[in-house]
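According to this note's numbering, the residues represented by the sequence shown are 294 to 820, in order.
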Amino acid sequence: MDGTYDVVVVGGGAAGLSGALALARARRSVLVVDDGQPRNAPAGHVHNYLTREGTPPAELMVAGRDEVTRYGGEIIAGRAEAASREGTGFVVTLDGGREVRARRLLVTTGLVDELPDLPGLAERWGRDVLHCPYCHGWEVRDRRIGVLATGPTAAHQADLWRQWSPDVLLLLHSATLGPEEAERLAAREITVVEGPVERVEVAGDTLTGVRLASGEIVALDAVVVAPRFTARAQVLESLGCKPVDVEFGGQVIGSQVPADPTGATAVPGVWVAGNVADVRAQVIVAAAAGLAAGAAINADLVAEEGRAAVDAYRHRMGTMFEEAAWEERYRARTAVWSGRPNPQLVAEVAGLPAGRALDVGCGEGADAAWLAERGWRVTAVDISTTALERAAAHAAAAGPGVADRIEWLHADLRDQPPAEGAYDLVSAQFMHLPSEARRELFARLAAAVTPGGTLLIVGHHPRDLRTSAHRMHFAGRGCSPPRKVASALDPAAWQVLTAETRPRATVDPEGRDVTIHDAVLVARRRA
Numbered sequence: 294m295d296g297t298y299d300v301v302v303v304g305g306g307a308a309g310l311s312g313a314l315a316l317a318r319a320r321r322s323v324l325v326v327d328d329g330q331p332r333n334a335p336a337g338h339v340h341n342y343l344t345r346e347g348t349p350p351a352e353l354m355v356a357g358r359d360e361v362t363r364y365g366g367e368i369i370a371g372r373a374e375a376a377s378r379e380g381t382g383f384v385v386t387l388d389g390g391r392e393v394r395a396r397r398l399l400v401t402t403g404l405v406d407e408l409p410d411l412p413g414l415a416e417r418w419g420r421d422v423l424h425c426p427y428c429h430g431w432e433v434r435d436r437r438i439g440v441l442a443t444g445p446t447a448a449h450q451a452d453l454w455r456q457w458s459p460d461v462l463l464l465l466h467s468a469t470l471g472p473e474e475a476e477r478l479a480a481r482e483i484t485v486v487e488g489p490v491e492r493v494e495v496a497g498d499t500l501t502g503v504r505l506a507s508g509e510i511v512a513l514d515a516v517v518v519a520p521r522f523t524a525r526a527q528v529l530e531s532l533g534c535k536p537v538d539v540e541f542g543g544q545v546i547g548s549q550v551p552a553d554p555t556g557a558t559a560v561p562g563v564w565v566a567g568n569v570a571d572v573r574a575q576v577i578v579a580a581a582a583g584l585a586a587g588a589a590i591n592a593d594l595v596a597e598e599g600r601a602a603v604d605a606y607r608h609r610m611g612t613m614f615e616e617a618a619w620e621e622r623y624r625a626r627t628a629v630w631s632g633r634p635n636p637q638l639v640a641e642v643a644g645l646p647a648g649r650a651l652d653v654g655c656g657e658g659a660d661a662a663w664l665a666e667r668g669w670r671v672t673a674v675d676i677s678t679t680a681l682e683r684a685a686a687h688a689a690a691a692g693p694g695v696a697d698r699i700e701w702l703h704a705d706l707r708d709q710p711p712a713e714g715a716y717d718l719v720s721a722q723f724m725h726l727p728s729e730a731r732r733e734l735f736a737r738l739a740a741a742v743t744p745g746g747t748l749l750i751v752g753h754h755p756r757d758l759r760t761s762a763h764r765m766h767f768a769g770r771g772c773s774p775p776r777k778v779a780s781a782l783d784p785a786a787w788q789v790l791t792a793e794t795r796p797r798a799t800v801d802p803e804g805r806d807v808t809i810h811d812a813v814l815v816a817r818r819r820a
């Protein structure tokens, strides 16, 4: 309740819980706000819901809530009264003044069934005052059913209910019939009852019929009415999302909030599902719409996160190889590297005669000190002054015989290339610049090798991205296989001694044993 949810779902019916379930399973933070007033509360059972046929509505909701919370979704009791835009997200105001924040909204507040103003009707709603034959027709099959005519669709209603019972009566009430409708009803043996209906008759807890204005009682077991289906759109209207009229047979039967097939409304970031968006939706249809909306919301969030990731990646690519970024990295920790020389340097240089060496990106100086201990005169270059200070201290601790053979150079070799033909050994360990910058730098490093000298380039092989070693991802290839690096060398000027990938056992950042792969290039410049 204190942070920003990925999605706040307003309404905890079938549509809302279905959407919340899909989002929770997508590892989204989800809050469902439910006022505990489901439209189908008066009904005894849910029908046409495959595998859940005949389930009491409350039982279905309990099961749905359990599924949502099992995957980490949260559900609170409350009524959402309004919502407003806050940046790219939303603030939802609940009853009592509470506020919750969300990146996206899924509104599944359903609708209100506005019944004809007839005494006794509302009290029997959902029990033996009905409207949907697919929801209740089987339960009143072969019973005496009266259809209350309140508009131009009444004859159609009676015709439809005739499928479930041979004893259907059309109570004309405030409607009229055309000749063709009257003929069809007669052909279907549907009785037409003239005169307005005054009230519903009940004995004990059972509907027994209706009383006409004339005083006549028409015996019935069930009454069918056509409610006006009014979208519960208060939260949506506060965001500027207005309901539109829904017509059937030339008659306005209610209102719903327009949306595309995924439930997306005209307000960016707001989705709808269930009866608030489809007055005809039964429970299973509402649940399916909730799932579709949940999937669409997750896809929308993924797209937003992808755009943000690209922006962050571009910023990182533009800054991470610069001096300020390296200074920040070194200052954040007392030691960044292990203090041991790189293993491929040890493997390839141990047998070489000492000479002049260029240590590219020397870091905290372990490679430079190792070379100096073996008689090499080393130019150790790094972009970070903090790294160079630590490296110099490391060399000084090893003794004057080591420190005196190392020259520490603060430079960016991209702008200050080394002197050509000046070094018997040029060693670049894990210099993972973007592709074009890396190619230019490697060409300059190769030019710095004296005839007869050695070029050693070691990098992480791209296959390490498949491990848990936390390698940097580059667009394209940030760390090339050794043979690709070798192919950039002129064979007339260079003899490639080694271009291979070497496995190496190490420990990943979580302390697990892992095998990584070093891409190793060793080349000798022809004399």
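Virtual Cβ for every residue (Gly too), placed ideally from N, Cα, C.
It should be emphasised that the depicted structure is a prediction, and the values quoted were computed from it without experimental measurement.
| Item | Value |
| --- | --- |
| Residues near G804 by beta carbon distance below 6 Å, same chain, minus five either side | none |
| Assigned exposure category for S311 - 16 Cβ within 10 Å defines buried | buried |
| Beta-ladder partner(s) of E795, from DSSP | Correcting the residue identity first, residue 795 is Arg in this sequence and not Glu. Partner(s): D811. |
| Cβ neighbour criterion (16 or more within 10 Å) applied to Q575 | buried |
| Touching by the beta-carbon criterion (3+ pairs, under 8 Å), the stretch 431-438 and the stretch 453-466 | yes |
| Straight-line gap, R698 to L748 (C-alpha atoms, nearest Å) | 20 Å |
| T401 beta carbon less than 8 Å from that of G309 | yes |
| Sub-8 Å separation of A317 and V385 beta-carbons | no |
| Own chain partners of V537 with C-beta closer than 8 Å, once the 5 adjacent residues on each side are dropped | S548, Q549, V550 and P551 |
| A779 beta carbon less than 8 Å from that of L814 | yes |
| N-terminal and C-terminal residue of the alpha helix (DSSP H) that E530 is part of | Q527 to S531 |
| Status (buried if at least 16 other CB within 10 Å, exposed otherwise) for E641 | buried |
| Within 8 Å, strictly: CB atoms of D783 and R795 | no |
| DSSP beta-bridge partners of L702 | V674 |
| Nearest-angstrom Cα separation, counted from R397 out to E713 | 59 Å |
| Closest by C-alpha distance to A526, when choosing among R818, V303, D299 and T760 | V303 |
| As assigned by DSSP and simplified to three states, the class of G771 | Here G771 scores only 47 on pLDDT, less than 50, and its place in the model should not be relied on; the value that follows carries that caveat. Coil, per DSSP. |
| CA-to-CA distance, A315 to N591, given in whole angstroms | 9 Å |
| Straight-line Cα distance separating A816 from Q788 | 6 Å |
| E407, buried or exposed, once every other Cβ within 10 Å from all chains shown has been counted against 16 | exposed |
| Option nearest R378 by Cα separation, candidates P727, A736, A582 and C534 | C534 |
| Test: L404 CB closer than 8 Å to a CB of chain B | The structure shown contains no chain B; it is built from a single protein chain. |
| Sequence-distant residues of the same chain with beta carbon closer than 8 Å to A741, five excluded per side | L651, P710, P711, A712, E713, G714, A715, Y716 and V719 |
| Simplified DSSP assignment, three categories, for E482 | coil |
| Beta-carbon gap between V639 and A662 smaller than 8 Å | no |
| C-beta atoms of R358 and I369 nearer than 8 Å | no |
| Short Cβ contact (8 Å threshold) for P520 with H424 | yes |
| DSSP state of Q549 mapped onto helix, strand, coil | strand |
| Range covered by the alpha helix (DSSP H) that runs through D359 | P350 to R363 |
| Residue environment, P412, which counts as buried when at least 16 other CB atoms sit within 10 Å | exposed |
| Length of the line joining the Cα atoms of A582 and V565 | 9 Å |
| Those runs of the alpha helix (DSSP H) which lie wholly inside the stretch 614-676 and span at least 4 residues | 616-624, 636-642 and 659-666 |
| Integer-rounded CB distance, given that E491 should sit under 8 Å from L505 | 6 Å |
| Beta bridge counterpart(s) of Y606 as assigned by DSSP | Y606 is not bridged to any residue. |
| Burial state of H429 (16 or more Cβ within 10 Å) | buried |
| Environment of P331 [buried if 16+ CB atoms lie within 10 Å] | buried |
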